[in-house]
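The listed protein sequences derive, respectively, from chains A and B.
First residue of the first sequence? That's 53 in the numbering used here, and the numbers climb one at a time after it.
First residue of the second sequence? That's 53 in the numbering used here, and the numbers climb one at a time after it.
Ideal Cβ placement from N, Cα and C applies to all residues, glycine included.
Protein chains: 2
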Amino acid sequence: MSRTVILKDIAKALNISVSTVSRALRNARDINPKTRQAVLDLAKEWNYEPNFIAQSLVKKHTRIIGVVVPTINSNYFSEALSGMTDCAFEQDYHLMICQSNETESMENRSIRKLLSCNIDGLLISVSKETKNAAVISEAYRKNVPVVMFDRVLPGFECTKVIVDEYDGAFKAVEHLIRKGCRRIAHVGGPPELSVSQNRKQGYLDALKKHNIPVRPELISHSKSFEEDALVAIKKVMKHSELPDGIFFINDLSAIAGINYIRKKGLSIPEDIKIVGFNNDAASALVDPALTTVMQPGYEVGKLAVGVLIDEIQKKTDSYKLFELRTNLVVRKSSK
Amino acid sequence: MSRTVILKDIAKALNISVSTVSRALRNARDINPKTRQAVLDLAKEWNYEPNFIAQSLVKKHTRIIGVVVPTINSNYFSEALSGMTDCAFEQDYHLMICQSNETESMENRSIRKLLSCNIDGLLISVSKETKNAAVISEAYRKNVPVVMFDRVLPGFECTKVIVDEYDGAFKAVEHLIRKGCRRIAHVGGPPELSVSQNRKQGYLDALKKHNIPVRPELISHSKSFEEDALVAIKKVMKHSELPDGIFFINDLSAIAGINYIRKKGLSIPEDIKIVGFNNDAASALVDPALTTVMQPGYEVGKLAVGVLIDEIQKKTDSYKLFELRTNLVVRKSSK
DNA sequence: CTGAAAGCGCTTACAG
DNA sequence: CTGAAAGCGCTTACAG
Chain A
53 MSRTVILKDI
63 AKALNISVST
73 VSRALRNARD
83 INPKTRQAVL
93 DLAKEWNYEP
103 NFIAQSLVKK
113 HTRIIGVVVP
123 TINSNYFSEA
133 LSGMTDCAFE
143 QDYHLMICQS
153 NETESMENRS
163 IRKLLSCNID
173 GLLISVSKET
183 KNAAVISEAY
193 RKNVPVVMFD
203 RVLPGFECTK
213 VIVDEYDGAF
223 KAVEHLIRKG
233 CRRIAHVGGP
243 PELSVSQNRK
253 QGYLDALKKH
263 NIPVRPELIS
273 HSKSFEEDAL
283 VAIKKVMKHS
293 ELPDGIFFIN
303 DLSAIAGINY
313 IRKKGLSIPE
323 DIKIVGFNND
333 AASALVDPAL
343 TTVMQPGYEV
353 GKLAVGVLID
363 EIQKKTDSYK
373 LFELRTNLVV
383 RKSSK
Chain B
53 MSRTVILKDI
63 AKALNISVST
73 VSRALRNARD
83 INPKTRQAVL
93 DLAKEWNYEP
103 NFIAQSLVKK
113 HTRIIGVVVP
123 TINSNYFSEA
133 LSGMTDCAFE
143 QDYHLMICQS
153 NETESMENRS
163 IRKLLSCNID
173 GLLISVSKET
183 KNAAVISEAY
193 RKNVPVVMFD
203 RVLPGFECTK
213 VIVDEYDGAF
223 KAVEHLIRKG
233 CRRIAHVGGP
243 PELSVSQNRK
253 QGYLDALKKH
263 NIPVRPELIS
273 HSKSFEEDAL
283 VAIKKVMKHS
293 ELPDGIFFIN
303 DLSAIAGINY
313 IRKKGLSIPE
323 DIKIVGFNND
333 AASALVDPAL
343 TTVMQPGYEV
353 GKLAVGVLID
363 EIQKKTDSYK
373 LFELRTNLVV
383 RKSSK
């Protein structure tokens, strides 16, 4: 067979009806075992694959999950996407991925386009701009379940999958305290992002728990992560009494920090201990290797797809909040 | 109308036939302007959206492009995917993305699954294991155009979009030569990959052009990139006469190399100059900042989708080879 | 300019 | 256990 094999081809070859072939392919009972075997054999030999479009039309679902992320090309999101892809594949679902490039208008256009493709469910991590869920609710009106992950909208009622970054930051700072640090600085991210807020709060609460006073001069924020990380680093390093530990918003900033600190003639971890966040590939390779908080991006993606599929298949009806734990990866920079 | 509106609803309401409604919605001529207007008005009022699945079944195309990459979660591929997504979105196509996780069997399963979704075209970057294109050819047999990008199969005839890595490597090594290096080592990747071969050839030819003898003891290959990069690095560093420059297969290996070299008490770039490949985010942040070859991943993705769509729409019939240029980013590690 | 009919490839009651 | 028939929502020759 050079042309795509269809049910009719198998039926004709075996001299039976299309309905019987269809049943043989998926229905164990109500079919003569011999007929069934013959169909299965030929289907295999001819590499038969059911036409998914035709099936979708009849069954009124597509097994397609729409995904909207702020950006594909980031360590975290590409990891989450990777988990989603693997999980969807296993369960015979397909992903249609769009990126909002951090704008609300692209996000909305993406959702609408996905909806017109008859997706069975929507997975979304909102853009920096997104304040309300007007367009997202269109999904609900069409009976398409929605699951939010990572960047969620507090006001919107749906199942959410997030990482407990607060706890990750808390553990990171507590680790520095256990290592003897008492003047711990924090180089944060853009203050308006919930990511930055959560991690900073973890930092603050860890200090509090151990009765270490918060020193505002040891806290600084970068305006857009890496790009101006160095400015933020210098700010916490300019005081006569230097910090003995620094908790960074992410690994890339921490790596920039390591270099700056060494250039000043200080050594890590002896003079200053460092912890980052993300567990980027580079963190294990820099010198000294960077202690960091590992976010389970892959698991977030996997779980998000999993719970979405449950909702699609109506295995669950109430909205839930899933909060995944981070893992502290201790390396030389804090030993 | 609370239920999804279909053609029949509009036809019934207007007391005309479904065929007429269908024509009115998309065919300007061959239809009474008044009828047309009435249909358009009601369609708008009722928020009619054509059922994409039904359309696909009839028209025998889906506007879906299948993509198979070795892995989503890599700097290069996620960048390419990002370019693909943006380009597809603009042209009203959708992407279905699968990852082979570097195994041929997953790659094949992915292709088959994608094919059974009636994709209009296939975009693929093959896994490390893939030696022949048996399953990929199934796409051709189903009249689904195939475009390969980045990791291509030399024997398979189709349009290919690649980065001129040979040239990138050549420029990188020539840069080292211009900086005065004469004993230039190469730490390569898995030797069976075309990526590794191309970059190595660029290295060899640059030496040749400048009449520098090739020293086999200065060339080593890692079996799987980062994981055993250190082994490969040690191999070229174990000779009494050390190299004065090293060209690495990628940035992560180069960063590992930098650390190893410094630990041995040598300084970069004074004793040994280093060049990597990829322009990963970390390359600008390590110390010394890493000279590296920037690959236009985003452009590769964009172009690949663009030429695939051209083939789908039969705007082109012959197979072409697109080769994008790299850019050498000179930083401190080679100054 | 319009409608009846056939068909895209599949599934699923319904008879037999 | 099997087949004929209807139908999913749409498009497109074909008549008229």
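Residue range of the unbroken alpha helix (DSSP H) whose run includes residue i
i      : result
B:K325 : Not the alpha helix (DSSP H): B:K325 falls in the beta strand (DSSP E), residues K325 to V327.
B:N379 : Careful: B:N379 lies outside any alpha helix (DSSP H), inside the beta strand (DSSP E) at N379 to V381.
A:K86  : P85 to E97
B:Q249 : S246 to K261
B:S157 : E156 to S168
A:K223 : E217 to R230
A:A76  : V70 to R78
B:G207 : First-last for B:G207: undefined, no H or E at that position.
A:S272 : Where A:S272 is concerned, there is no enclosing alpha helix (DSSP H), although the beta strand (DSSP E) it sits in stretches over I271 to H273.
B:V283 : A281 to M289
B:G135 : N127 to E142
C-alpha distance - residue i paired with residue j, whole-angstrom precision
i      : j      : result
A:K325 : A:S246 : 26 Å
A:S248 : A:V119 : 24 Å
A:N160 : A:A191 : 11 Å
A:H273 : A:V266 : 15 Å
B:H146 : A:T114 : 14 Å
B:E154 : B:D303 : 20 Å
B:L355 : A:M158 : 21 Å
B:G353 : A:T72  : 44 Å
A:N173 : B:Y255 : The amino acid occupying residue 173 of chain A in the given sequence is Gly; Asn does not appear at that position. C-alpha separation (whole angstroms): 49 Å.
A:L270 : A:V213 : 32 Å
B:D216 : B:K64  : 60 Å
A:P348 : B:Y350 : 26 Å
B:N103 : A:I364 : 20 Å
A:V239 : A:S126 : 20 Å
B:N67  : A:N195 : 29 Å
B:V57  : B:R78  : 17 Å
A:D257 : B:M346 : 42 Å
A:N84  : A:A76  : 8 Å
A:R193 : A:F299 : 44 Å
A:V199 : A:I361 : 10 Å
B:V18  : B:A95  : Because residue 18 of chain B is not part of the residues shown, which for chain B are 53 to 387, the question remains open.
A:K112 : B:K112 : 18 Å
Residue i CB to nearest heavy atom of the ligand ATP below 7 Å
i      : result
B:Q253 : The ligand ATP is not part of this structure, which contains no ligands at all.
Beta-carbon contacts of residue i that lie in its chain and below 6 Å, excluding the five residues immediately before and after
i      : result
B:K223 : L380
B:V357 : M136, C139 and A140
B:M53  : Residue confidence for B:M53 is low, a pLDDT of 46 falling below 50, so the modelled location carries little weight; the figure read from the coordinates is stated next. Result list for B:M53: W98, in chain order.
A:H262 : I229
A:E142 : none
Inter-residue CB distance, residue i and residue j (contact presumed, cutoff 8 Å)
i      : j      : result
A:M136 : A:C169 : Going by Cβ atoms, the distance from A:M136 to A:C169 rounds to 17 Å, so no, they are not a contact pair.
B:I301 : B:R251 : 6 Å
B:V225 : B:L259 : 7 Å
B:Q1   : B:T123 : A question about residue 1 of chain B goes unanswered here, because the residues of chain B that appear run from 53 up to 387.
A:G448 : A:F329 : The question about residue 448 of chain A has no answer, for chain A in this structure spans 53 to 387.
B:S108 : A:I105 : 5 Å
A:I116 : A:I62  : No, A:I116 and A:I62 are not in contact; Cβ-Cβ is about 26 Å, not under 8 Å.
Cβ neighbours of residue i in the same chain (closer than 8 Å, five flanking residues each side left out)
i      : result
B:D296 : G232, C233, R234, R235, I236, D323, I324 and K325
A:R383 : S335, A336, P340, A341, L342, T343 and T344
B:R164 : V187 and E190
Enclosing beta strand (DSSP E) for residue i [first to last residue]
i      : result
A:T344 : T343 to M346
A:G176 : Note that residue 176 of chain A is Ile in the sequence shown, not Gly. First-last of the beta strand (DSSP E) with A:I176: G173 to I176.
B:V396 : This structure cannot speak to residue 396 of chain B, because chain B is shown only from 53 to 387.
A:A237 : I236 to G240
A:C233 : Counting along the chain, A:C233 falls outside any beta strand (DSSP E), and DSSP gives it neither H nor E.
A:G118 : I116 to V121
A:G358 : Taken as a continuous stretch (DSSP letters only), A:G358 belongs to no beta strand (DSSP E), being part of the alpha helix (DSSP H) at G349 to I364.
Cut-off 7 Å between Cβ atoms - residues of its own chain near residue i, not counting five sequence neighbours on either side
i      : result
B:S276 : P242
A:S74  : L59
B:L282 : A308 and Y312
B:L167 : E190, A191, K194 and V196
Review point. Between the stretch 177 to 194 of chain B and the stretch 205 to 220 of chain B, do at least 3 Cβ pairs fall closer than 8 Å?
Key: yes
Check your understanding: How do the stretch 87 to 98 of chain A and the stretch 124 to 133 of chain A stand: do at least 3 beta-carbon pairs fall below 8 Å, yes or no?
Key -> no
**Study point:** Three-pair Cβ contact test at 8 Å for the stretch 331 to 351 of chain A versus the stretch 302 to 318 of chain B
**Key:** yes
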